[in-house]
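Per the UniProt record's numbering, residue 1 is the first one in the sequence shown, and the count goes up by one each step. Glycine is no exception: its CB is placed at the ideal position from the N, C-alpha and C atoms.
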Amino acid sequence: MDTTKEGSENAELKLKQQILQAILQHEVANPVEANTHLTNPHSTKDLGQLNLELINAENKHREKKTKNKYRQLLFLYPHNKMSQEEVKRGLLRDLQEKYQIKVEQMKNLHEHIQKVQKELQRAGNEVEALRASVKANEEEDKFKGKVNQPSGHYPWMEGKAEEKAEAHLPNISHL
């Protein structure tokens, strides 16, 4: 109903404006000639008053349009605000989910690091045990070697003598 009312007001304003423009054009073109044929002889209003009425009507119409626009915006504002809040909540939920995923990944990474550290510790312990057993075997071999070696001949000197002998041999790998 409001739109039909506005439409009829618009049509009425346009009609008044067209009439006024026609009158003004005629007055400008024929200022000397009396315009009794376009004006209502029973009307007490002259052309200036009609022009003021037209301007007032246009201003009222513009104000009414502005008020309606603001009413619509105020009506839509809570809906827009609610949708913005929903968007914010959705984004917050997404961020919380991503944070939980990152926390879970960090927890898994920490557990993996602890497992690797334990494995490294076990491997280090095994290496130490192997070193100790190798050292014990070397000590045992040294002791056995001292007992079986003739006097003046030591096993550590034997390794050096072999190196010197290999250094004096010609390189025959290319033959």
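Tell me, please, whether the stretch 12 to 21 touches the stretch 51 to 70 by the rule of three or more beta-carbon pairs shorter than 8 Å.
As far as the Cβ criterion goes, the stretch 12 to 21 touches the stretch 51 to 70, which means the pair count is three or higher.
Please list the segments of the beta strand (DSSP E) lying wholly inside the stretch 84 to 156, counting only runs of 3 or more residues, in order along the chain.
As far as the stretch 84 to 156 is concerned, it has no whole beta strand (DSSP E) run of at least 3 residues.
Taking E58 and L13 to be in contact with their CB atoms under 8 Å, please state how far apart those CB atoms are, rounded to whole angstroms.
The C-beta distance from E58 to L13 rounds to 6 Å, short enough to fall under 8 Å.
Quick check on K45: does DSSP put it in helix, strand or coil?
Three-state DSSP puts K45 in coil, outside helix and strand.
With distance defined between alpha-carbon atoms, name the residue in L47, K81, S8 and T4 nearest to Q25.
Q25 has its Cα closest to that of L47, out of L47, K81, S8 and T4.
Measure the C-alpha to C-alpha separation of Q105 and K88 and round it to an integer number of angstroms.
Our two residues, Q105 and K88, have alpha carbons roughly 25 Å apart in a direct line.
Which residues in the same chain have their Cβ closer than 7 Å to the Cβ of E33, if we skip the five residues on either side of it in sequence?
Its pLDDT being 49, under 50, E33 is placed unreliably in this model, and the value from its coordinates should be taken loosely. Scanning its chain for C-beta atoms nearer than 7 Å, with the 5 sequence neighbours on each side dropped, one finds no residue around E33.
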